[in-house]
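Residue numbers (the UniProt record's numbering): 1 to 220. In this text, a Cβ means the ideal position worked out from N, Cα and C, and glycines have one as well. Here is the structure we will look at.
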C-alpha cells in the first residue's frame with residue numbers, strides 16, 4: 001500500500017522539505033539551506049505547546065466515554081481567541097482522529113506497562129528522535145503518546161499522574177525539540193505541512209506514528 005511505502009520511506013530517507021537535522025557544524029538545515037530564523041521565543045513556544053497539548057488531550061477524551069467527564073481538567077485550546085491557535089487545534093484534532101483509527105498503534109499502546117510510566121514515556125520519546133531527525137509527525141506522535149498515558153492514568157484511577165505526564169512532555173520539548181520548532185517559525189509551521197495534505201505530507205505524519213509504534217513495541 002502507498003501509505004506503508006511512504007511511512008518506511010519517510011523514516012529511512014526523511015524528505016529535506018519536511019524535516020531538519022543537525023549538520024556537522026551544529027546548525028540546522030532545511031529545504032532551502034539553513035532553516036528560517038524566527039523571533040518566537042522559547043517561552044512562547046512552550047506556552048503555546050502546553051495549551052495545544054491540553055486541548056488535544058481534551059479532544060481525545062471526548063471520544064472516550066469512560067473518561068469524557070475529565071475534560072474539565074484540560075483547558076481547551078479550541079476556546080482560545082487567537083485564530084492561529086484555533087487552526088492548530090483543528091489540525092491536531094484531525095491528526096488525532098487519524099491516529100485513533102490506527103488499529104496497530106492502539107494495540108501496541110494497550111500493551112504498554114503502567115508500572116513505571118516515567119521510564120516508559122522517556123524511552124518512547126528518546127526512540128522517536130533517536131536518529132536526530134525531527135519532523136512534525138514525530139512531534140505530534142509524542143503529543144499523542146502523552147495523551148494515551150493520561151487516558152491510562154484516568155482509567156486506572158491515578159489522576160495525580162495527569163499533570164506529571166504533561167510536565168514530562170513539556171520538559172522533553174524544552175530540552176530537545178523547542179529549537180527545532182523555532183527553526184520552523186514556531187508551531188504555525190505545522191500548518192504549512194498539514195494544510196495541504198499531499199500523500200507525502202500524510203506519509204510524514206504516519207511515519208511519526210510508526211516510529212512511536214516501534215518504540216512502544218520495544219517496551220511491551
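Nearest-angstrom Cα distance between residue 22 and residue 133?
-> Because residue 22 sits at a pLDDT of 36, beneath the cut-off of 50, its placement in the model cannot be relied upon, and the following sentence gives the value as read from the coordinates. Their Cα atoms are separated by approximately 8 Å.
Quick one: using the 10 Å Cβ neighbour count with 16 as the cut-off for buried, is residue 106 buried or exposed?
-> exposed
State buried or exposed for residue 25, treating a residue as buried only when at least 16 other CB atoms are found within 10 Å of its CB.
-> Its pLDDT being 25, under 50, residue 25 is placed unreliably by the model, and nothing is read from it.
Residue 140 - DSSP class collapsed to helix/strand/coil | helix
Just reading off the beta strand (DSSP E) that residue 134 is part of, what are its end residues?
-> Counting along the chain, the beta strand (DSSP E) containing residue 134 begins and ends at 133–135.
Rounded to whole angstroms, what's the CA-CA distance from residue 124 to residue 142? Just pull it up for me.
-> 8 Å
Find the nearest neighbour of residue 43 within the set 191, 187, 192, judged by alpha-carbon distance.
-> When only C-alpha atoms are compared, the closest one is 187.
Would you tell me roughly how many angstroms separate the C-alpha atoms of residue 81 and residue 90, rounded to the nearest one?
-> Looking at the two C-alpha atoms, the distance is approximately 14 Å.
Going by beta carbon distance, what residues of the same chain come within less than 6 Å of residue 49, once the five residues before and after it are set aside?
-> 173
Pick from 66, 139, 109: whose alpha carbon is nearest that of residue 92?
-> 139
Specify whether the segment 51–63 and the segment 141–158 touch according to this definition: at least 3 beta carbon pairs, one from each stretch, less than 8 Å apart.
-> yes
How many angstroms separate the CA atom of residue 190 from the CA atom of residue 88?
-> Each residue's Cα considered, the two are about 8 Å apart.
Backbone CA spacing between residue 181 and residue 166 [nearest angstrom] | Their backbone Cα atoms lie some 18 Å apart in a straight line.
Starting from the C-beta of residue 46, find all residues in its chain whose C-beta is less than 7 Å away, skip the five residues before and the five after it, and write them out in chain order.
-> In the same chain as residue 46, and ignoring 5 residues on each side of it, the C-beta atoms closer than 7 Å to its own belong to 170, 173, 174, 178, in chain order.
Going along the chain, which residues of its own chain have a beta-carbon closer than 6 Å to the beta-carbon of residue 144, five neighbours each way excluded?
-> 99
What residue from 130, 118, 136, 84 has the CA that sits closest to residue 183's CA?
-> 136
Every unbroken beta strand (DSSP E) inside the UniProt domain "Bcl-2 Bcl-2 homology region 1-3" (92–187) [3 residues or more] = As far as the UniProt domain "Bcl-2 Bcl-2 homology region 1-3" (92–187) is concerned, its whole beta strand (DSSP E) runs of at least 3 residues are 133–135.
Per-residue DSSP class, three states only, for residue 21 | Unreliable placement is indicated for residue 21, whose pLDDT of 45 sits below 50; the coordinate value is still reported in the next sentence. Of the three classes helix, strand and coil, the one that applies to residue 21 here is strand, per DSSP.
Can you tell me the Cβ-Cβ gap for residue 154 and residue 70, rounded? I've got them flagged as a contact below 8 Å.
-> 5 Å
In three-state DSSP terms, what is residue 82?
-> Coil.
Cβ separation of residue 53 and residue 146, assumed to be a contact under 8 Å, to the nearest whole Å | 7 Å
Could you check the C-alpha separation between residue 40 and residue 85 for me, to the nearest Å?
-> The straight-line gap separating the alpha-carbon atoms of residue 40 and residue 85 is approximately 14 Å.
The alpha helix (DSSP H) with residue 54 in it runs from where to where?
-> 42–62
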